[in-house]
Structures are given as structure tokens and as C-alpha cells.
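Chemist: Per the working numbering, the sequence shown starts with residue 1175, numbered consecutively. Backbone N, C-alpha and C define an ideal beta-carbon position, used for all residues, glycine too.
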Amino acid sequence: MASHLKGVKKTTMTNEIRRALCKHNKDNPSLTQKQLQEWVHSNYGLQESQATISNTVKWSLEYLSLAPERGDVKRHKPAKFLDLEKSLFECILQYQEHVNMTGELIIEKAKKFMKDMYLVDTPYFTFSIGWLGKFKAIYGIKIFWRFGESGSVEMEGMEDKLKSIRDKVDQFEMKDIFNIDETGLFFRLQPDHSLATMQLEGKKQDKERQTVAICCNEDGSEKLPLWIIGKYAKPRCFKNVNLNSLNCEYRANKRAWMTGVLFEEYVRQLDKKMVGRKILLIVDNCPTHPKIIEGLRNVELFFLPPNTTSKIQPCDIRAFKMHYRRRFYRSLLKGYKLGVPNPAKINVLDAMNLAISAWTMDVRANTIANCFRHCRLRSTDNMTFENSDEGGESTQELQNLIKELGYRNAMDVEDVLTHPEENVVAQLLTDEEIIENVIGINKDGIDEEDDESSTMEPSSRNEAIKAAITLNNFLLSYEKTTSEVLTMLRKIRDEIQGEIDFNKKQKTIESFFKKHS
1175 MASHLKGVKK TTMTNEIRRA LCKHNKDNPS LTQKQLQEWV HSNYGLQESQ ATISNTVKWS
1235 LEYLSLAPER GDVKRHKPAK FLDLEKSLFE CILQYQEHVN MTGELIIEKA KKFMKDMYLV
1295 DTPYFTFSIG WLGKFKAIYG IKIFWRFGES GSVEMEGMED KLKSIRDKVD QFEMKDIFNI
1355 DETGLFFRLQ PDHSLATMQL EGKKQDKERQ TVAICCNEDG SEKLPLWIIG KYAKPRCFKN
1415 VNLNSLNCEY RANKRAWMTG VLFEEYVRQL DKKMVGRKIL LIVDNCPTHP KIIEGLRNVE
1475 LFFLPPNTTS KIQPCDIRAF KMHYRRRFYR SLLKGYKLGV PNPAKINVLD AMNLAISAWT
1535 MDVRANTIAN CFRHCRLRST DNMTFENSDE GGESTQELQN LIKELGYRNA MDVEDVLTHP
1595 EENVVAQLLT DEEIIENVIG INKDGIDEED DESSTMEPSS RNEAIKAAIT LNNFLLSYEK
1655 TTSEVLTMLR KIRDEIQGEI DFNKKQKTIE SFFKKHS
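Structure representation (C-alpha cells):
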């Protein structure tokens, strides 16, 4: 089946888009080719020639018979070497922008991974053309050639770069422009130069590190749940915890870094979430952000030009870190006052709860909107500004907390918020590191050897009710308590107690009288 007409410039339509076009034509047989052209442009932003539309419709039976691409593909037989395929896919995602990923190269890399990962000989298994086709179908891989040196060419001047970005951004409403950014987070970092130096030496740094991915839209009306990447797949502190209740996604690998596979998973999950919408997702040129993710229907990826993210990355990582550290240092002060032993040694779950609170409760919508405006990603005529003193107030509060902690060699606020080693969230991995990530994180059970966190002991329902009563009594005498807070607490008590009351057997009047023998 021809993918495009001879003599006609090759189209940017994927097979998935062609399949959708054929289905739309089948469902609406009265549409003209001109109208089909407009439909493709409206839904996918592509300007296709009438010859391309005609040729695609001509092959409708073939395109409609194609299986849906990656995301809906079902594997009928389990892979013989699943970890190998996952490692190979991660390698392809990382290097597709640097190397021409031919089928021969994929097979050669698969053979190398086989040798590195499996010590026993496997003469009965060969990486044939048939295997390659199945592997590409399952992981949605197509072979893309890189022409010339266009990938390394940079535009002259920031204004030229901004103009091309504005032309794209102005096509979308503010609520439909999203940006994702990742940051490293040394979640136990204390604001003391001497302690920080000791904390960040050797393996200790890995134990205290997470990568946090934040994503929000331009007007700040949607702050998507955080993605937090840790080092341990199943830390002890997760035992007895309902992770689905945290409003957060947790993933893990040996270095607590963003990877190409994780980024693709994030984007595909977002694509499903945005059904019925068309959003633009602004992404930086990190090596682990794949440029091509096939089959997206609701999300369009837009990559910032190289070497511009320090100037025009909209997501306000600084505000998030400020609120995280403010909450962490508050807990330190409270721990010291209460005599808690080593209050700085929080576990992964504690850090996640602090991060979630900082993002969902503290980072304001107008702060996010101002960050987008500051980057000047829209034409000036479309921009309106709002005043916000959040940054100054929060910075001063954080400075006061650092001072109150009384460290002899205290760090400045800027050092706390812009620690250079936190900026490393991903890099190109070697084959050995890719394999280590995949195999290491697929182990069953809890990471007992290195994880130092403790298991959370579950409370009984009666203990929870008593705690709610104690909290209610405190709030009733607290001068700053509002009716909204008490209403929320009553709902919590009803939620805890409701199941008990429901399960109790209804009493009758006879039950209050004892039977005499």
C-alpha cells in the first residue's frame, strides 16, 4: 500500500490520522475532498493537498483494517524477553534525535542487550525481520531519518524565536496551553552550608532525591497532579497506604530521573484525560523528551527552541520549591520544639505529602499566569497583567524560617531555591544504566536493603474518631477557626463514622430490656 503519491510531497499524516480520516469519510459519505481537507486541518492542524486526501480515501479499506497504533495495541503473546524490549525502547527514545534509527541498528542493539542482560545462551531465539515488525507495532515505532544538520541549527536572536512561538501559542485559548517541567528535589535539604555539603556527598544524595514533574495551564485554572519519581519502587513507608488517595502519581528508577518511557507514559495519560479538547503542551528540549509520540489525539507537543528554556520556560519551579521548603522548615521547627528525634529525616511519603500540599494549596493561579506572561509567549495585544505579592511575601517568610532555625552557617534563600545539583533531572543513559533501570525497578517486593523509611502503622477507626473529636474541640476554642473549616471536619467525622453506623444492627425497643430467666 502506498503511503503517498509519487511526485507529491510526502505528507506529515500518520497512519493513525489517515485511519481517522477514512473513518470520518465513511461516517459522512457526502463530504467533498475540500471539506475533508478542512476537517484534517481543524482536528490535526495539518495542511494537506487534495491529492493526499484523495489518495488516502482511495485506500480506505486498507487503512481501516489497520490496528490502532500504540496505546491501544494488544499483545496476544507475551514477549519472551520483556525487560530487553523495555530497555531497547528506552534506548530508542533517548537516541532517536541523535542517530538514524534504522531497523538494522535496532536489531544490532537488541543483540547487544541480549548478551548483556542474559548470561545463558539463547541460540533458539533470533531477532528476525518478523520480530522487528512486531516490536515496532507494539511500541508504536516508525523509522525516521534525520536530514542534514537542521536539528542543531539555532535561530538568530531571542525575538525571532519568540515570534515563531507566539504564532503557535496565539492559536490556542489560555486554558488550553499547558507546560510541563521537571525539577530535582533534595527533599531533606537543610538550609545549612555544612550540613548540605555532607548530605549531597556520594550515595547519600541519591537517597534524598526525587524528581518532580509539574504541569499547569496558562491561566492557572488547571494544576495537574504531580508526578514524583523516586529511587525505590516500593519503599517501606508505602505499606498500609492507599496511594490512589494522594492526588499524585509515583514512579521509580535507580536514579530517580525522568526517562523517555516515563515521559511518553505521562503524555499518553494526559492525552486520555483531555478527551474532547485540543491542547498544546509546551515542552523543553530535554534528551528524555521524545520528539515523536504516535497516536496522540488531544495533545499536541510543542518543543521550545534549544537553549531558550532558562528564559522562556513558563512553569514556576521556583514558587513550588519555595512553598515546599517553607513547609519542610516549619515541620523542622515544630519537631525541634516538640523534642522529635531527628525531625529532618523525613521519608518518601512525608516528602510527597509536603510536595502535594505546596503545589495544590500554596501555588496560586495568578502566580502561574504571571509566569506565563513574564515569558512573553503571546502577542502583546493578547496579554493582560495582574499584580501579585506572593513571591515577595513567601520569600520573606522562608528567610525568617531559616533565621529561626538558627544554623551557624545558614544558607541564603537563593541558595536554597536554586541549588545547582537539583537542576539535573535527566541525561542520556548508557546501555548499562538503561538495563539497570529496567531490571532494578521490576523486582517484586519492597526495597528493603537501602530504604531507611519506616512503615506507617494503620490507625483503627475508633482511634480516628477520637482524634477527630479532639481536633473538633480544639477548633471550637481556636479564635481563627471558620465555619468552613468546622464543616469540613464534620464531613470527615461522618465519613469515618458512617460505615460503622451503617453496619450496626438496628435496635428495637425490646433490645433495651434484659430477659429474666
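With DSSP run on the structure shown, which of helix, strand or coil describes A1387?
Modeler: Correct three-state label for A1387: strand.
Chemist: State the DSSP-derived secondary structure class of W1401, mapped to helix, strand or coil.
Modeler: Strand, per DSSP.
Chemist: Going by DSSP, what residue range makes up the beta strand (DSSP E) through T1357?
Modeler: Segment I1351 to F1360, the beta strand (DSSP E) holding T1357.
Chemist: Below 8 Å on the Cβ atoms is my contact criterion, and I expect L1507 with L1579 to pass it. Report the Cβ-Cβ distance as a whole number of Å.
Modeler: With 8 Å as the limit, L1507 and L1579 qualify as a contact, their Cβ atoms being about 6 Å apart.
Chemist: For A1539 and S1395, which I take to be in contact (beta-carbon distance under 8 Å), what is that distance rounded to the nearest angstrom?
Modeler: The pair is a contact, with the Cβ atoms about 6 Å apart (cut-off 8 Å).
Chemist: Is it buried or exposed for K1758, if we count other Cβ within 10 angstroms and need 16 for buried?
Modeler: As displayed, the chain neither begins before 1175 nor continues past 1691, which places residue 1758 out of reach and without an answer.
Chemist: By alpha-carbon positions, which one of V1415, R1664, S1419 and K1408 ends up nearest to K1428?
Modeler: Here the closest residue by C-alpha is K1408.
Chemist: Give me the DSSP bridge partner(s) of L1475.
Modeler: In the DSSP output, where bridge partners are listed per residue, L1475 has L1455.
Chemist: Using DSSP with H/G/I as helix, E/B as strand and the rest coil, what is Y1424?
Modeler: The answer is strand: DSSP assigns Y1424 an E or B state.
Chemist: What are the partner residues of D1586, as DSSP defines its beta bridges?
Modeler: Answer by DSSP bridge pairing: none, since D1586 is not bridged.
Chemist: Under the three-state reduction of DSSP, which class applies to D1393: helix, strand or coil?
Modeler: Correct three-state label for D1393: coil.
Chemist: Assuming the contact rule is C-beta atoms closer than 8 Å, T1541 and A1493 should be a hit. Round their C-beta distance to whole Å, please.
Modeler: With a Cβ gap of about 5 Å, T1541 and A1493 count as contacting.
Chemist: Could you tell me the distance, in whole angstroms, from the CA atom of D1393 to the CA atom of F1546?
Modeler: Their Cα atoms are separated by approximately 8 Å.
Chemist: If I follow the unbroken alpha helix (DSSP H) through N1217, where does it start and stop?
Modeler: Per DSSP, N1217 belongs to the alpha helix (DSSP H) from Q1207 to Y1218.
Chemist: Taking the CB atoms as reference points, tell me whether Y1498 and L1575 lie closer together than 8 Å.
Modeler: Not closer than 8 Å, so no.
Chemist: Which residue or residues does DSSP assign as beta-bridge partners of D1366?
Modeler: Its beta-bridge partners are A1584.
Chemist: DSSP state of A1194, grouped into three classes?
Modeler: If DSSP states are grouped into helix, strand and coil, A1194 belongs with the helices.
Chemist: By Cβ distance below 7 Å, which residues in the same chain neighbour A1525 in space, the five residues on each side in sequence not counted?
Modeler: Hits under 7 Å: F1361 and Q1384.
Chemist: Expressed to the nearest angstrom, what Euclidean distance is found between the alpha-carbon atoms of R1410 and S1568?
Modeler: Spanning the two alpha carbons is a distance of roughly 33 Å.
Chemist: Measure the alpha-carbon distance for V1587 versus R1635 and round it to whole angstroms.
Modeler: Straight-line Cα distance between these residues: approximately 42 Å.
Chemist: Taking C-alpha atoms, which residue in T1629, K1485 and V1473 lies nearest to F1352?
Modeler: Ranking the options by Cα distance to F1352, first place goes to V1473.
Chemist: Taking a contact to mean a Cβ-Cβ separation below 8 Å, would you say I1453 touches D1350 in this structure?
Modeler: The answer is yes: Cβ separation under 8 Å.
Chemist: Compare the Cα-Cα distances from K1707 to each of H1548, N1544 and S1204 and report the closest residue.
Modeler: Because the chain here runs from 1175 to 1691, residue 1707 falls outside it and cannot be looked at.
Chemist: I1402 and A1529 - do their beta-carbons sit closer together than 8 Å?
Modeler: Cβ atoms of A1529 and I1402: closer than 8 Å.
Chemist: Tell whether a beta-carbon distance below 8 Å holds between Y1440 and A1426.
Modeler: Not a contact, by the Cβ cut-off of 8 Å.
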